[in-house]
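First comes the structure, then the notes that go with it.
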Amino acid sequence: MLRRSLLLAPALAMQPGKTTAALIAAPDGPHLSIYIQALSEAPNIGRLAVADPSGAIFARAPKMRPFRDTLEMMRAMKPQLVVVALEADQAPASIRIALENGAHVLAEKPACIRASDFASMAALAAAHKRYLMLAFATRLYPVALRARQLFEEGRIGKLYGAAMHYIADRTRLTRPEYQRSWFSFKDKAGGGHLIWLGIHYIDLLQFLTAQRITLVTAQTANAGGQPIEVEDSAALTFQLEGGALGTMQSGYYLDKGYHNGITLWGSKGWLRIDPAAGNLEWYTDGGSARKETLPKIDGYPALVRAAADIAAGRARPFVTADECLQTLRVVFAAYKSARTGRIVAAL
631 MLRRSLLLAP ALAMQPGKTT AALIAAPDGP HLSIYIQALS EAPNIGRLAV
681 ADPSGAIFAR APKMRPFRDT LEMMRAMKPQ LVVVALEADQ APASIRIALE
731 NGAHVLAEKP ACIRASDFAS MAALAAAHKR YLMLAFATRL YPVALRARQL
781 FEEGRIGKLY GAAMHYIADR TRLTRPEYQR SWFSFKDKAG GGHLIWLGIH
831 YIDLLQFLTA QRITLVTAQT ANAGGQPIEV EDSAALTFQL EGGALGTMQS
881 GYYLDKGYHN GITLWGSKGW LRIDPAAGNL EWYTDGGSAR KETLPKIDGY
931 PALVRAAADI AAGRARPFVT ADECLQTLRV VFAAYKSART GRIVAAL
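Take any residue in the sequence shown, note its place counting from 1, add 630, and you have its number in this note's numbering.
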């Protein structure tokens, strides 16, 4: 049996101490309730604050010292970690304030509507020697860590091909409140399903294989015909820097739930995972297919605890700003390909 220590990301290692943390958010911030709860309940977080110019979320965050002015909060609290949960077009300004005032940042993805905006934030983080991390929680899943280990050990050999699908419910798109929300507008969200959900697997594939996606072709559509400005469907083909080819289906197709998975084929075998379910199956030539079910974790609370340890210097980052930027470049390359009908470089 695999020792549990191998199933935990370095960022999950716990040591004594409390991190001072803050939340920059708005009433329509992504995963707002999840972040409030995760920050409030994290055992490794001490002092807490929240900045919201409207003040509308203060009642929902009673354990956090409230501020209407972000800069005032940064100067008064001097947080080691700032979590940013804002609509994509609004996030960069707050991220810059946090970095310029000495905080490490965990931002809900995509945190921008152009890759160039994130590139400037990544450069700022490097200049201030701060970590800038997007909320790629699937990197912390035990099943993802186990799959990465198997790939690193060469169990499937040289990567030849990859197939991914991240399918969510279409029901949300039928709700008037969703259609009015910032998620439905390209100039606010940057895109639709691909940049909100599909992005997780674009990041995860590159994490599992330690290879970047270099070239992308894509098509996007509003297959369901709902009154939204962003895609509910995206299909990608791509090449990784090791030469392997891959495909991805990213869309809102179901009435409820998710259909998710990643399959890798190599010169010596294959591997497939369902990250949400914790299921892993793999095969090495000449052997028998093996199935494993790994422990499931509550992704966002684990993410916040990990970020708190990282900000306090107790753990290594689970993702770098450059890795986040690379994933965003793939997403925006896909959108450019869909617009132009051409192969687009993602590096």
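Even glycine gets a Cβ: it sits at the ideal position worked out from N, Cα and C.
These numbers were taken from a predicted model, which means no experiment stands behind them.
Backbone secondary structure at residue i - three-state DSSP
i	result
L716	coil
G828	helix
L924	coil
I664	helix
Run of the beta strand (DSSP E) containing residue i, from where it starts to where it stops
i	result
D747	Premise fails: D747 lies in the alpha helix (DSSP H), A745 to A757, not in any beta strand (DSSP E).
T850	I843 to A851
P696	R695 to F697
Y761	Taken as a continuous stretch (DSSP letters only), Y761 belongs to no beta strand (DSSP E), as it is neither H nor E.
D862	Segment: none, D862 is in no beta strand (DSSP E) and carries neither H nor E.
Residue range of the unbroken alpha helix (DSSP H) whose run includes residue i
i	result
A937	G929 to A941
T970	A951 to T970
E730	A721 to E730
T700	T700 to M707
Beta-carbon proximity list for residue i, same chain, < 6 Å, skipping 5 on both sides
i	result
N909	T923
E871	Q841, R842 and T844
H889	I797
Y913	G899, W900 and A919
Q956	R842
C954	L764
Same chain only: Cβ atoms within 7 Å of residue i, ignoring 5 sequence neighbours per side
i	result
A715	L653, A655, G659, P660, H661, L662, Y665 and E738
A668	Y930, P931 and V934
A718	P740, A741, C742, I743, K818, A819 and G820
Inter-residue spacing [alpha-carbon to alpha-carbon] between residue i and residue j
i	j	result
L632	L827	Bear in mind that the predicted position of L632 carries a pLDDT of just 30, short of 50, making it too unreliable to give a figure here.
P925	R776	11 Å
A691	T649	18 Å
A798	G873	30 Å
I825	V773	23 Å
K708	N731	8 Å
V961	S746	12 Å
D885	H795	16 Å
P640	F837	Summary for P640: the model assigns pLDDT 43, below 50, so the residue's position carries little reliability, and this model does not support an answer.
Y790	L977	20 Å
L875	Y883	25 Å
T893	L866	15 Å
T816	R959	For the sequence presented, residue 816 should be read as Lys rather than Thr. So the two alpha carbons sit approximately 16 Å from each other.
K921	A906	15 Å
A964	G647	43 Å
V680	A706	12 Å
R944	A936	9 Å
A975	S863	21 Å
Spatial neighbours of residue i in its chain, beta-carbon cut-off 8 Å, leaving aside the 5 residues before and after
i	result
Y761	H734, V735, A755, I940, A941, P947, T950 and A951
Residue i beta carbon near the ligand COA (any heavy atom closer than 7 Å)
i	result
K739	The ligand COA is not among the ligands present in this structure, which contains no ligands whatsoever.
| Touch test, the segment 777-788 against the segment 885-903, Cβ-Cβ under 8 Å, three pairs minimum | yes
| Are three or more beta carbon pairs between the segment 796-812 and the segment 857-869 nearer than 8 Å? | yes
| If you pair each beta-carbon of the segment 818-835 with each one of the segment 763-774, do three or more pairs fall below 8 Å? | yes
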